[in-house]
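**Q** Please see the structure below; I have some questions.
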Amino acid sequence: MVGGVIKGVKVHRRDVVRDRSSRREGRLLSNHLGRDLTIERVGRRGKQLMISFSNGGGMIIRLGMSGRIALEDGSTRNPAPPHQHLVWVIGVPNHPERWTWMSFIDPRRFGGVYLFASIRDCRDRLLAGLGPEATSIQGRQLGDLLGRTRRAVKAALLDQSVLAGVGNIYADEALHRAGLHPARPGDSISAPEATRLAAAIRSTLRIAIQAGGSTLRDHILPDGSSGAFIEKHQVYGRGGAPCHHCRQPLQVLQIASRTSTFCSTCQR
DNA sequence: CTTGCGTCCTGCTCGC
DNA sequence: TGCGAGCAGGACGCAA
């Protein structure tokens, strides 16, 4: 997509375009949705997908619980699937006759698309308050962050202002891998435990991303394939089943209003 | 300031 | 087979 020009945008449901700016500029951007602009960069910060345009602006896509991005070759014209809210038609660089359809599909509509006028605007309005990247978190830094709170460590991991990029599945998986009980107060986590947890978060995410993530229901990759990490889940979705490590039945607790599955023998 | 809960939505699964 | 309750990958606003 990088280097491609957005040739057109179809809007099937306007309210998934969230306007967080009170300025007129923001409203104009929301109507415009990148039409006629060249895609300069595609990136990510925490759970936000970022597409920046050559004019300095861009957009952030949040998938929420059920959202996904689909990419299709322009030559295969399929009927719009249910809950397809936005479609961008993007020229393929160096192939004037080819184009890519990128669509935003989100049944529950907890996700959305946010436009920004400049990188600075993006940073101030959309990325402000995000914690450090979970994919590269180091033990020392994680220990400092957890040491500042008495909340359950699981609740802290889910808080994007503490650490950006971990959700319910990978919080449970990383805590199991690190051998830490999800209800432990953040400030009870020792330095060696924080080192273990940081390493567990990094490796859990690395392996999960490599496997294409966890397909429970809605999540599929942009090409339509499924993520295979669910086969590697140690705890998530396995409440009552035996721990792969010690064979004891896995426990289930609500922490920060989210289902948390863990092994009370292996996780202390 | 910190923390927890209700809410925003649709659709699937389970039990009666 | 039909139907309602409960639950789901996230994040925000509000109240205690």
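Position 154, counted from 1, in the first sequence is what the working numbering calls 150; the numbers after and before it change by one each time, with no gaps.
Where is the CB? At the ideal position from N, CA and C, for every residue including glycine.
These numbers were taken from a predicted model, which means no experiment stands behind them.
(1) Could you give the residue range of the alpha helix (DSSP H) that holds G39?
(2) When DSSP labels each residue in this structure, what does I165 get in the three-state scheme?
(3) Kindly indicate the opening and closing residues of the alpha helix (DSSP H) around G22.
(4) If contacts are defined as beta-carbon pairs under 8 angstroms, then M55 and F106 qualify, I think. What distance do you get, rounded to the angstrom?
(5) Since V231 contacts E189 with CB under 8 angstroms, what's their CB separation in whole angstroms?
(6) Are at least three pairs of beta-carbons, each pair with one atom in the region 154 to 165 and one in the region 123 to 139, less than 8 angstroms apart?
(7) Kindly indicate the opening and closing residues of the alpha helix (DSSP H) around P188.
(8) Could you check whether the region 103 to 117 touches the region 144 to 155, counting it as contact only if at least three pairs of C-beta atoms, one from each stretch, sit closer than 8 angstroms?
(9) Taking 7 angstroms as the limit between beta carbons, can you name the residues of its chain near Q80, skipping five residues before and five after?
(10) For L25, is the classification buried or exposed, using 16 other Cβ atoms within 10 angstroms of its Cβ as the cut-off for buried?
(11) Looking at the unbroken alpha helix (DSSP H) that takes in I115, where does it start and where does it end?
(12) Skipping 5 residues on each side, what residues in its chain have a beta carbon closer than 8 angstroms to that of R16?
(13) Is the closest heavy atom of the ligand SAH to the C-beta of K43 under 7 angstroms?
(14) Inspect the CB distances between the region 255 to 264 and the region 230 to 244 and report whether three or more fall short of 8 angstroms.
(15) Note down, in chain order, each residue of its chain lying with its Cβ closer than 6 angstroms to the Cβ of K6, except the 5 sequence neighbours on either side.
(16) Would D117 be called buried (16 or more neighbouring beta carbons within 10 Å of its own) or exposed?
(17) Compute the Euclidean distance between the alpha carbons of A66 and C239, then round it to the nearest angstrom.
(18) How long is the line joining the alpha carbons of P178 and R264, rounded to whole angstroms?
(19) Judging by CA-CA distance, which residue of A130, R192 and E227 is the nearest neighbour of G42?
(20) May I ask you to list the residues that DSSP assigns as paired with H91?
(21) Indicate the three-state DSSP secondary structure (helix, strand or coil) for S210 in the structure shown.
(22) Can you tell which of T34, I226 and T145 has the C-alpha that lies nearest to the C-alpha of G209?
(23) Could you round the C-beta distance between Y166 and T200 to whole angstroms and report it? I think they count as a contact, below 8 angstroms.
(24) Which of the three DSSP states is assigned to R69 in this structure?
(25) How about S50 and L33: are their beta carbons less than 8 angstroms apart?
**A** Result, derived from the coordinates:
(1) As a first step, residue 39 must be located in the first sequence, where it is residue number 43. Boundaries around G39 are those of the beta strand (DSSP E), I35 to R41, since no alpha helix (DSSP H) includes it.
(2) Stepping through the first sequence from its first residue, residue 165 is reached at position 169. Looking at I165 - three-state DSSP - the assignment turns out to be helix.
(3) Mapped onto the first sequence, residue 22 falls at position 26. It spans R20 to H28 - the alpha helix (DSSP H) in which G22 sits, taken as one unbroken run.
(4) For this step, residue 55 is matched to residue 59 along the first sequence. For this step, residue 106 is matched to residue 110 along the first sequence. Contact flag wrong, Cβ pair sits at about 17 angstroms.
(5) The count along the first sequence starts at 1 and reaches residue 231 at position 235. The count along the first sequence starts at 1 and reaches residue 189 at position 193. With a contact defined as Cβ atoms closer than 8 angstroms, V231 and E189 miss out at about 18 angstroms.
(6) Cβ pair count under 8 angstroms is three or more, so yes.
(7) In the first sequence, residue 188 corresponds to position 192, counting from 1. Secondary structure note for P188: its alpha helix (DSSP H) is the uninterrupted segment A187 to Q206.
(8) These segments do not touch.
(9) Here residue 80 corresponds to residue number 84 of the first sequence, with the count starting at 1. Hits under 7 angstroms: H8, S99 and I101.
(10) Here the question's residue 25 lines up with position 29 in the first sequence. L25 comes out buried.
(11) Stepping through the first sequence from its first residue, residue 115 is reached at position 119. Counting along the chain, the alpha helix (DSSP H) containing I115 begins and ends at I115 to C118.
(12) Working through the first sequence from its first residue, we reach residue 16 at position 20. Answer for R16: G22, Y110, R121 and L122, listed in chain order.
(13) Absent from the structure shown: the ligand SAH. Ligands present: none.
(14) Enough Cβ pairs lie closer than 8 angstroms, so yes.
(15) Within the first sequence, numbered from 1, the residue matching residue 6 stands at position 10. Non-local C-beta neighbours of K6 in its own chain, meaning closer than 6 angstroms and more than five positions away in sequence, comprise V83, ordered along the chain.
(16) For this step, residue 117 is matched to residue 121 along the first sequence. Flag for D117 reads buried.
(17) Walking along the first sequence from the start, residue 66 turns up at place 70. Walking along the first sequence from the start, residue 239 turns up at place 243. So the two alpha carbons sit approximately 36 angstroms from each other.
(18) By one-based count along the first sequence, residue 178 stands at place 182. By one-based count along the first sequence, residue 264 stands at place 268. Rounded to the nearest angstrom, the gap between the Cα atoms of P178 and R264 is 9 angstroms.
(19) The count along the first sequence starts at 1 and reaches residue 42 at position 46. Here the closest residue by C-alpha is A130.
(20) The sequence position of residue 91 within the first sequence is 95, counting from 1. V88.
(21) Locating residue 210 in the first sequence gives position 214, counting from the first residue. In the structure shown, the three-state DSSP call for S210 is strand.
(22) Position 213 of the first sequence, counted from the first residue, corresponds to residue 209. Nearest option by C-alpha distance: I226.
(23) One-based indexing of the first sequence puts residue 166 at position 170. One-based indexing of the first sequence puts residue 200 at position 204. Yes, they are in contact, since the Cβ atoms of Y166 and T200 sit about 5 angstroms apart, within 8 angstroms.
(24) As a first step, residue 69 is located in the first sequence; it is residue number 73 there, counting from the start. The question names Arg, but residue 69 is Asp in the sequence shown. Strand at D69.
(25) Position 54 of the first sequence holds residue 50. Position 37 of the first sequence holds residue 33. Cβ atoms of S50 and L33: closer than 8 angstroms.
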